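In my numbering, the protein residues as written are 1 to 540. Don't be surprised by glycine CBs; every beta carbon is placed ideally from N, CA and C. Because the structure is a prediction, the values reported are computed rather than measured. Have a look at the structure below before the remarks.
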């Protein structure tokens with residue numbers, strides 16, 4: 001740990017080992033029960049009093065002590081591919097035998113539940129940070145550290161890990177704090193000031209948003225679903241997959257292609273989308289009543305009957321602002337909107353005129369009003385005007401006006417969803433970055449972009465995330481590995497505050513169906529692509 005000031009952190013040796021037995025023993029899954037007020041020191045962890053030899057008169061009732069319960073959560077570097085840890089992993093990290101982590105980092109007030117796990121380790125690999133903010137910064141600089149924070153101290157700059165098979169954040173989180181195994185209880189004497197935030201994170205109050213990339217229901221997707229008879233629900237029925245090897249130069253365009261093996265978990269993609277409070281995607285084609293199936297080419301029109309598959313999967317909103325939405329003309333846009341309305345799928349980014357195209361869709365989740373603004377920067381000939389059906393153009397002036405209008409309409413959260421950038425390029429160009437940052441400057445809470453057909457860079461600007469592209473989601477571009485891969489966002493909110501980000505890599509099989517990959521295994525390729533493109537843009 002050389003190179004860090006002594007005031008920031010220190011190692012604990014034999015002194016810590018002896019102190020372990022002063023805080024009381026507990027199993028990794030137990031809680032620390034509050035002690036009577038007469039024996040609990042101010043702000044200290046509860047302890048069990050020794051029996052008294054001589055009976056004493058019962059004291060008169062005094063002021064009621066304050067009992068504070070907080071959830072302790074393992075955390076690590078934002079880019080780490082790990083999902084969960086266990087008590088065994090904590091001990092292995094402390095004694096230097098872990099293959100994933102080189103040290104444990106905690107704040108100065110080390111909770112007893114963690115110290116009890118390390119009982120018997122005489123010289124644990126333990127780093128002490130002065131406060132939660134310092135710990136979060138340290139994890140950004142040290143990807144191989146395992147930290148512990150209270151749930152209310154966690155923000156998107158760190159990756160919260162599950163404990164065994166339980167998670168505090170995300171769609172599969174525990175239903176309440178009572179279900180979380182790492183709880184710390186502190187009893188404060190009357191008059192003491194409890195060390196607790198004004199509002200504590202509660203998984204029962206949290207809500208999730210799932211965001212994916214491009215959905216296209218023509219060409220190879222339609223062939224899989226209709227001609228091959230796999231059905232309208234097949235694209236969302238994916239499970240998990242791994243890449244077993246690669247076939248060199250097997251693509252018609254000279255790309256190496258992955259050889260894959262399904263690894264089970266059928267329906268996990270559908271479960272994630274359906275379980276989210278909001279699920280949002282880009283709809284990369286019109287769905288006119290008089291559609292035409294295209295076996296090839298880059299003009300799309302989807303069978304509107306296939307929209308039922310999106311509704312069955314739990315899709316809540318789609319953007320219509322892209323460079324294909326007017327492929328079936330003005331009538332195609334209006335008929336697409338009608339078909340989406342039929343299946344109760346909200347939409348924005350295109351309309352009968354420029355005013356309608358720029359109007360936000362207002363959604364509700366977790367007691368919050370979420371405004372969705374869709375924009376296109378690619379196909380200027382498809383943009384709406386005061387008298388023309390089309391998509392919404394993304395300009396700085398439009399961003400300022402539309403974000404302000406969304407707030408005036410009651411939006412607690414504003415998400416900008418642009419179609420922009422360069423196809424098959426993960427790195428944003430200067431003008432694209434300027435527009436993304438302009439959206440944040442205008443007051444948007446995040447930007448989630450698409451069009452590249454690759455998973456692209458992520459930026460954090462003024463504390464707000466910008467995803468430049470998530471890649472394909474339901475698409476038939478199986479002629480290269482990057483176009484077969486993408487990322488799905490799983491975002492956890494507490495009210496209007498974004499508290500956690502999980503980026504889930506996937507790979508498309510059968511020209512239509514995304515399947516999740518292990519980010520520490522086969523998914524590392526696409527995640528490394530994102531991190532490489534994010535150089536200089538992402539401080540986490």
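Given this structure, state the Cα-to-Cα distance separating residue i from residue j, to the nearest angstrom.
i, j, result
"residue 225", "residue 141", "46 Å"
"residue 341", "residue 347", "8 Å"
"residue 113", "residue 496", "31 Å"
"residue 404", "residue 501", "26 Å"
"residue 521", "residue 387", "52 Å"
"residue 69", "residue 181", "12 Å"
"residue 261", "residue 407", "47 Å"
"residue 115", "residue 175", "27 Å"
"residue 297", "residue 222", "14 Å"
"residue 368", "residue 152", "19 Å"
"residue 71", "residue 101", "22 Å"
"residue 430", "residue 103", "39 Å"
"residue 481", "residue 258", "6 Å"
"residue 439", "residue 190", "49 Å"
"residue 105", "residue 270", "37 Å"
"residue 315", "residue 442", "27 Å"
"residue 511", "residue 536", "34 Å"
"residue 38", "residue 66", "Only weak support exists for where residue 38 lies, its pLDDT of 30 falling under 50; the value from the coordinates is given anyway. About 13 Å."
"residue 229", "residue 73", "46 Å"
"residue 523", "residue 187", "45 Å"
"residue 544", "residue 518", "One cannot answer for residue 544 here, as it falls past the ends of the chain, which runs 1 to 540."
"residue 446", "residue 417", "9 Å"
"residue 192", "residue 110", "19 Å"
"residue 338", "residue 321", "16 Å"
"residue 150", "residue 362", "33 Å"
"residue 126", "residue 380", "57 Å"
"residue 462", "residue 428", "18 Å"
"residue 135", "residue 531", "22 Å"
"residue 272", "residue 123", "42 Å"
"residue 163", "residue 146", "13 Å"
Just to confirm, are residue i and residue j a CB contact at a threshold of 8 Å?
i, j, result
"residue 233", "residue 247", "no"
"residue 515", "residue 75", "no"
"residue 207", "residue 473", "no"
"residue 80", "residue 171", "no"
"residue 238", "residue 513", "yes"
"residue 161", "residue 84", "yes"
"residue 399", "residue 303", "no"
"residue 541", "residue 409", "The requested residue 541 is not part of the displayed model; the chain covers only 1 to 540."
"residue 300", "residue 327", "yes"
"residue 389", "residue 333", "yes"
"residue 412", "residue 373", "no"
"residue 336", "residue 393", "no"
"residue 220", "residue 471", "no"
For residue i, which option in the options has the closest C-alpha, if you only look at C-alpha atoms?
i, options, result
"residue 419", "324, 386, 489", "324"
"residue 231", "268, 312, 433", "312"
"residue 469", "260, 533, 182, 249", "533"
"residue 498", "209, 391, 122", "209"
"residue 352", "344, 384, 380", "384"
"residue 425", "308, 529, 370, 120", "529"
"residue 91", "119, 154, 399, 73", "119"
"residue 349", "205, 318, 370", "318"
"residue 282", "211, 268, 338", "211"
"residue 452", "491, 103, 89, 422", "422"
"residue 491", "291, 484, 249, 157", "157"
"residue 245", "531, 293, 525", "525"
"residue 215", "143, 294, 310", "310"
"residue 414", "464, 392, 395", "464"
"residue 544", "201, 336, 89", "Residue 544 lies beyond the residue range present for the chain, which begins at 1 and ends at 540; the question has no answer from this structure."
"residue 366", "205, 235, 466", "205"
"residue 268", "235, 130, 64, 87", "235"
"residue 329", "343, 307, 290", "290"
"residue 166", "540, 363, 86, 427", "86"
"residue 483", "173, 144, 251", "251"
"residue 130", "108, 145, 95, 486", "108"
"residue 294", "94, 476, 95", "476"
Is there a C-beta anywhere in chain B that falls below 8 Å from the one on residue i?
i, result
"residue 393", "Here there is only one protein chain, and chain B is not present."
Taking only runs of the alpha helix (DSSP H) that begin and end inside the stretch 429 to 483, which ones reach a length of at least 4 residues, in chain order?
-> 430 to 441
Return the chain-ordered ranges of every alpha helix (DSSP H) run that is complete within the stretch 491 to 533 and spans a minimum of 4 residues.
-> 524 to 533
State whether the stretch 436 to 456 contacts the stretch 190 to 208, with contact taken as three or more CB pairs (one from each stretch) at a distance under 8 Å.
-> no
Meets three-Cβ-pair contact criterion under 8 Å: the stretch 432 to 439 and the stretch 499 to 507 | no
Go through the stretch 131 to 179 residue by residue and report every complete run of the alpha helix (DSSP H) that reaches 4 residues or more, in order.
-> 132 to 141
Enumerate, from N- to C-terminal direction, the unbroken beta strand (DSSP E) stretches of 3 or more residues contained entirely within the stretch 308 to 384.
-> 317 to 319, 346 to 348, 361 to 365, 368 to 376
Unbroken beta strand (DSSP E) runs of length 3 or more, entirely within the stretch 238 to 304: which are they?
-> 240 to 247, 257 to 264, 278 to 283
What runs of the beta strand (DSSP E), each 3 residues or longer, lie entirely inside the stretch 74 to 133?
-> 103 to 107, 126 to 129
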